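Trainee: Handing you this structure, nothing more for now.
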Amino acid sequence: MTGSHGSGRKTALEDRPAIDPPAWFTEQANQADPSVYDTFEREWPACWEQAADLLEWEESYDTVLDDEDGPPFEWFAGGTLNASYNCIDRHLPERKNQLALIWEGHGESRTYTYRELSREVNAVAAALRERGVEEDDVVTIYLPMVPELPVVMLACVRLGVVHNVVFAGFSSGALAERMERTGSELLVTCDGYYRRGSAVAQKNKADNARIAVEQDVSVVVLDRLGRDVHLGKDYYDYATLRDAHDGETVDPVPRDAGDTLFRIYTSGTTGEPKAVDHTTGGYLSHVAWTSESVLDIKPTDTYWCSADIGWITGHSYIVYGPLALGTTTVLYNGTPDHPEKDRLWDIVERYAVDVFYTAPTAIRAFMKWGEEYPARHDLSSLRLLGTVGEPIDERAWQWYREHIGGGDAPVVDTWWQTETGAILVATLPGVDAMKPGAAGKPLPGIQTEVVDPAGEPVDRGEAGELVVTRPWPGMPRALRTGEDWGKSLVHGDEWRYYPEDGATVDGDGYVTFLGRIDDAINVAGRRFSTMELESAIAGVEGVAETAVVGADHATTGTAVYAYVSPEGNCAEADLEKRIEAAVERAIGSVATPEAVIFTPDLPKTRSGKVMRRLLTAVANGDELGDTSALRNPEILGELQSATPDR
Ligand code: WT7
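Using this note's numbering, the letters of the sequence shown correspond one by one to residues 1 to 646.
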């Protein structure tokens with residue numbers, strides 16, 4: 001399995017130790033066939049039938065991929081299916097009494113068998129239908145990690161309604177923007193919820209967003225706090241609606257493979273949130289296949305991804321992938337250090353979790369807290385560990401394997417993004433050797449290259465930009481139809497997608513990711529656009545000019561550093577507070593700057609362009625390099641002394 005080094009010269013990356021998966025893992029792995037790469041290559045695109053076969057289709061498709069000369073691409077054209085049926089109904093004959101969801105809340109927990117989940121989803125679907133939502137309408141969901149979140153998602157897709165989940169920690173401004181763009185007229189939220197022991201007033205944020213948008217919005221409110229909140233006109237109580245339809249059944253609405261399953265927003269290069277529409281057939285096939293082959297999920301497993309459903313990771317690998325495979329998926333609400341720093345390991349032990357999927361930022365926090373916390377618990381049930389969100393350095397990878405994985409559980413580093421819908425690059429743990437620090441090879445059927453700015457492949461081991469050179473089933477609507485989305489276009493007669501990530505590839509084809517090449521900042525595995533942050537800060541009275549950059553951070557990977565030049569005589573302490581409040585208002589506290597640094601001027605070229613590269617170097621305490629293009633080089637010394645030491 002290892003050692004099949006290509007003919008190219010040795011690079012540092014090739015010298016990375018490759019670790020074979022243990023035999024006990026390979027013997028039981030869903031995907032242990034080393035010829036899977038060749039088969040997919042030989043039979044592409046028909047190979048993706050394997051993925052579609054993991055689902056139950058109402059009407060089977062005519063072709064796997066219709067790609068005559070580039071976009072529009074049609075995956076599984078002619079096929080129809082329903083995602084709620086695939087995630088629930090079809091499992092009932094075999095495992096109606098098996099747990100579908102385990103929810104760990106703040107000092108409370110709840111479980112749902114597949115039959116119970118079915119009852120909830122049907123009742124809520126009936127209630128939504130009665131509220132007047134119809135196929136292809138968009139319903140916005142603004143809920144924290146409670147079981148009602150996946151229930152409402154599945155109720156929507158049962159009706160062919162498109163859900164638009166907005167991360168509960170986002171501000172009312174961010175919610176309003178997403179609702180308005182999408183024209184959503186129904187919002188499902190809650191009165192509030194507890195985070196680190198204090199109540200978050202979710203409904204207040206929802207109320208403000210509702211007033212801010214142009215369209216009329218009715219609101220369904222889930223009671224989480226039990227405070228008898230008054231519900232005005234166009235507001236409905238979740239439990240009342242649900243109870244009125246309890247026991248009813250709603251036929252799943254068959255959807256075309258290419259019909260939208262859900263919409264999710266991510267940060268785009270223009271600074272405006274970018275709508276990503278994922279499909280019913282292609283997306284669901286791709287998440288099911290990767291859940292099976294990469295995450296090795298089995299129906300008998302208890303599987304836990306500690307992400308929030310408000311991000312794509314949660315959509316794909318808490319809800320759709322695991323439930324499509326009929327497994328038990330764990331949902332947890334809270335923070336890993338509350339009430340104690342062993343919260344996660346306590347959950348793993350109590351439920352005997354088989355597969356655990358988290359982010360490097362969390363792993364770095366666990367390392368900082370110390371190995372005594374996992375050591376308090378029996379983690380021997382863990383068979384496979386996964387990571388996603390940002391590059392994981394070799395030390396964190398080894399720590400994860402050693403202290404969480406008992407030294408021999410395989411670790412899969414999975415690369416993908418909101419736009420890809422599902423994993424594209426990873427090691428297949430039952431087939432490939434792992435190389436700590438490298439994500440792995442493009443999955444079977446996926447083709448990537450690392451190219452220079454002219455689009456030409458770089459030499460092995462050289463840094464460049466990753467490009468995906470073939471369509472994949474989980475691709476979103478805009479890419480399928482060939483809409484002009486960043487650089488993703490047909491170049492000559494070749495179609496390409498640019499995820500905007502830097503990368504290198506070694507002689508074995510293993511890709512190491514080097515971070516974003518655009519202006520996005522990846523904080524704790526979440527992507528924020530610098531432009532969106534800057535426009536929030538620039539709107540604060542007293543701010544003349546601002547530039548936001550990412551600085552390396554021990555736990556979150558990158559932290560937001562805001563350089564601000566204030567107008568005239570403005571009190572800095574007060575301005576800093578107002579800047580933080582503005583970011584919280586525009587985006588949410590997840591994006592609050594780690595440091596706000598005041599400066600009389602920003603480093604600029606003679607043509608007046610802010611030199612971000614220099615600011616990034618200053619923020620990171622790096623060498624500044626060539627500064628000859630600067631109009632105001634004298635500002636650099638001041639900036640360096642004003643930037644906090646890290
Ligand atoms: C960006 C996507 C997909 C869920 C999480 C975030 C970075 C993601 C990895 C990884 C290196 C990674 C990339 C990517 N990223 N996973 N395993 N190794 N980088 O989704 O918010 O759409 O962000 O996260 O830079 O482009 P997202």
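For every residue, glycine included, the Cβ atom is placed at its ideal position computed from N, Cα and C. From a predicted model like this one, the values you see are computed outputs, not experimental measurements.
Would the beta-carbon of residue 393 fall within 8 Å of that of residue 437?
Mentor: Within the sequence shown, the letter at position 393 stands for residue 393. Within the sequence shown, the letter at position 437 stands for residue 437. Contact flag set, yes.
Trainee: When we look at the beta-carbon of residue 662 and count the other beta-carbons within 10 Å, is it buried (16 or more) or exposed?
Mentor: Residue 662 lies beyond the range of the chain shown here (1 to 646); nothing can be said about it.
Trainee: My understanding is that residue 348 touches residue 379, with C-beta atoms under 8 Å, so please give their C-beta distance in whole angstroms.
Mentor: On the sequence shown, position 348 is the one that residue 348 refers to. On the sequence shown, position 379 is the one that residue 379 refers to. So it is a contact: roughly 6 Å between Cβ atoms.
Trainee: Less than 8 Å between the beta carbons of residue 543 and residue 560, yes or no?
Mentor: Reading the sequence shown from its first residue, position 543 is the one you call residue 543. Reading the sequence shown from its first residue, position 560 is the one you call residue 560. Not in contact: residue 543 and residue 560 (Cβ atoms no closer than 8 Å).
Trainee: Based on the DSSP output, what are the partners of residue 163 in its beta bridges?
Mentor: One-based indexing of the sequence shown puts residue 163 at position 163. Answer is 139 and 262.
Trainee: What is the DSSP secondary structure of residue 230, reduced to helix, strand or coil?
Mentor: Residue numbering aside, residue 230 sits at position 230 when the sequence shown is read from its first letter. Coil at residue 230, not helix or strand.
Trainee: Mind checking whether residue 586 and residue 174 have CB atoms under 8 Å apart?
Mentor: As a first step, residue 586 must be located in the sequence shown, where it is residue number 586. As a first step, residue 174 must be located in the sequence shown, where it is residue number 174. For residue 586 and residue 174, yes; Cβs fall inside 8 Å.
Trainee: Please state whether DSSP places residue 57 in a helix, a strand or coil.
Mentor: By 1-based counting over the sequence shown, the position of residue 57 is 57. The answer is coil: DSSP assigns residue 57 none of H, G, I, E or B.
Trainee: Confirm the yes/no value for this check: CB of residue 395, any heavy atom of ligand 1, distance under 7 Å.
Mentor: One-based indexing of the sequence shown puts residue 395 at position 395. Residue 395 Cβ: outside cutoff for every heavy atom of ligand 1.
Trainee: Expressed to the nearest angstrom, what Euclidean distance is found between the alpha-carbon atoms of residue 178 and residue 157?
Mentor: Taking the first residue of the sequence shown as position 1, residue 178 is located at position 178. Taking the first residue of the sequence shown as position 1, residue 157 is located at position 157. Distance between the alpha carbons of residue 178 and residue 157: 19 Å.
Trainee: Which partner residues of residue 551 appear in the DSSP bridge assignment?
Mentor: Locating residue 551 in the sequence shown gives position 551, counting from the first residue. 559, per the DSSP bridge assignment.
Trainee: Residue range of the beta strand (DSSP E) that residue 305 falls in?
Mentor: The residue labelled residue 305 in the question sits at position 305 within the sequence shown. Run containing residue 305: 302 to 305, per the beta strand (DSSP E) assignment.
Trainee: Per DSSP, what are the beta-bridge partners of residue 441 in this structure?
Mentor: Your numbering for residue 441 matches position 441 in the sequence shown. For residue 441, which the question treats as bridged, DSSP gives the partners 426.
Trainee: Are the CB atoms of residue 412 and residue 466 within a distance shorter than 8 Å?
Mentor: Against the sequence shown, residue 466 aligns to sequence position 466. Against the sequence shown, residue 412 aligns to sequence position 412. No, these two residues do not count as a Cβ contact at 8 Å.
Trainee: Assuming residue 653 contacts residue 281 under a Cβ cut-off of 8 Å, what Cβ separation, rounded to an integer in Å, is found between them?
Mentor: Since the first residue of the chain shown is 1 and the last is 646, residue 653 is not available in this structure.
Trainee: DSSP three-state call for residue 224: helix, strand or coil?
Mentor: One-based indexing of the sequence shown puts residue 224 at position 224. Note: residue 224 maps to coil in three-state DSSP.
Trainee: Whole-angstrom Cβ separation of residue 627 and residue 549, contact assumed at under 8 Å?
Mentor: For the purposes of this step, residue 627 is identified with residue 627 of the sequence shown, where counting begins at 1. For the purposes of this step, residue 549 is identified with residue 549 of the sequence shown, where counting begins at 1. The Cβ separation is near 16 Å, so there is no contact.
Trainee: Does DSSP put residue 472 in a helix, in a strand, or in coil?
Mentor: As a position in the sequence shown, residue 472 is number 472, starting the count at 1. In the structure shown, residue 472 sits in coil (DSSP, three-state: anything other than H, G, I, E or B).
Trainee: Measure from the alpha carbon of residue 555 to the alpha carbon of each residue in 419, 431, 403 and 391, then state which is nearest.
Mentor: The residue given as residue 555 occupies position 555 in the sequence shown. For the residues 419, 431, 403 and 391, the minimum Cα distance to residue 555 belongs to 391.
Trainee: Cutting at 6 Å between CB atoms, please list the residues of its own chain near residue 660, excluding the five before and the five after it.
Mentor: Residue 660 lies beyond the range of the chain shown here (1 to 646); nothing can be said about it.
Trainee: Below 8 Å on the Cβ atoms is my contact criterion, and I expect residue 164 with residue 188 to pass it. Report the Cβ-Cβ distance as a whole number of Å.
Mentor: Stepping through the sequence shown from its first residue, residue 164 is reached at position 164. Stepping through the sequence shown from its first residue, residue 188 is reached at position 188. Incorrect: roughly 10 Å between the Cβ atoms, too far for contact.
Trainee: To the nearest angstrom, how far is it from the Cα of residue 223 to the Cα of residue 237?
Mentor: Against the sequence shown, residue 223 aligns to sequence position 223. Against the sequence shown, residue 237 aligns to sequence position 237. Taking the straight line joining both Cα atoms gives about 7 Å.
Trainee: Tell me which residue opens and which closes the beta strand (DSSP E) that residue 190 is part of.
Mentor: Position 190 of the sequence shown, counted from the start, is the residue given in the question as residue 190. It spans 186 to 190 - the beta strand (DSSP E) in which residue 190 sits, taken as one unbroken run.
Trainee: Residue 435 by DSSP, collapsed to three states: which one?
Mentor: What you label residue 435 is simply residue 435 of the sequence shown in a count that begins at 1. Residue state, collapsed to three classes: coil.
Trainee: With a Cβ-Cβ cutoff of 8 Å, do residue 433 and residue 126 count as a contact?
Mentor: Start at 1 with the first residue of the sequence shown, and residue 433 comes out as number 433. Start at 1 with the first residue of the sequence shown, and residue 126 comes out as number 126. No, the pair does not count as a contact, with Cβ atoms beyond the cut-off.
Trainee: Is any heavy atom of ligand 1 found at a distance shorter than 7 Å from the C-beta of residue 391?
Mentor: By one-based count along the sequence shown, residue 391 stands at place 391. Within the cutoff, so yes.
Trainee: Do you know offhand how far residue 645's Cα is from residue 551's?
Mentor: Numbered from its first residue, the sequence shown carries residue 645 at position 645. Numbered from its first residue, the sequence shown carries residue 551 at position 551. Answer to the nearest angstrom: the Cα atoms are 11 Å apart.
Trainee: So, residue 304 versus residue 250, is the Cβ gap smaller than 8 Å?
Mentor: As a working note, residue 304 is residue 304 in the sequence shown. As a working note, residue 250 is residue 250 in the sequence shown. No.
Trainee: Under 7 Å from any heavy atom of ligand 1, does the C-beta of residue 322 make it?
Mentor: For the purposes of this step, residue 322 is taken as the residue at position 322 of the sequence shown. Result no, Cβ not under 7 Å from ligand 1.
Trainee: Per the DSSP calculation, residue 236 is bridged to which residue(s)?
Mentor: Here residue 236 corresponds to residue number 236 of the sequence shown, with the count starting at 1. In the DSSP output, where bridge partners are listed per residue, residue 236 has 220.
Trainee: Here's a check: name, in chain order, each residue in its chain whose Cβ is nearer than 6 Å to the Cβ of residue 369, leaving out the five neighbours to either side.
Mentor: For the purposes of this step, residue 369 is identified with residue 369 of the sequence shown, where counting begins at 1. Taken in chain order, the residues that qualify are 341.
Trainee: Please determine, among 46, 472 and 385, the residue with the shortest C-alpha to C-alpha distance to residue 497.
Mentor: Position 497 of the sequence shown holds residue 497. Considering only alpha carbons, the answer is 472.
Trainee: Locate the beta strand (DSSP E) running through residue 172, then write down its first and last residues.
Mentor: What you label residue 172 is simply residue 172 of the sequence shown in a count that begins at 1. That residue, residue 172, is in no beta strand (DSSP E); its alpha helix (DSSP H) goes 172 to 182.
Trainee: Quick check: what's the CA-CA separation for residue 160 versus residue 265?
Mentor: Position 160 of the sequence shown, counted from the start, is the residue given in the question as residue 160. Position 265 of the sequence shown, counted from the start, is the residue given in the question as residue 265. Approximately 19 Å between the Cα atoms of the pair.
Trainee: Pop quiz: residue 374 and residue 397 are said to be a contact at Cβ under 8 Å. What is the actual Cβ separation, rounded to whole angstroms?
Mentor: For the purposes of this step, residue 374 is taken as the residue at position 374 of the sequence shown. For the purposes of this step, residue 397 is taken as the residue at position 397 of the sequence shown. Residue 374 to residue 397, Cβ: 15 Å. No contact.
Trainee: In chain order, which continuous runs of the alpha helix (DSSP H) of length 4 or greater are located wholly inside the region 309 to 384?
Mentor: Fully enclosed alpha helix (DSSP H) runs of 4 or longer: 321 to 324, 343 to 351, 360 to 369 and 372 to 375.
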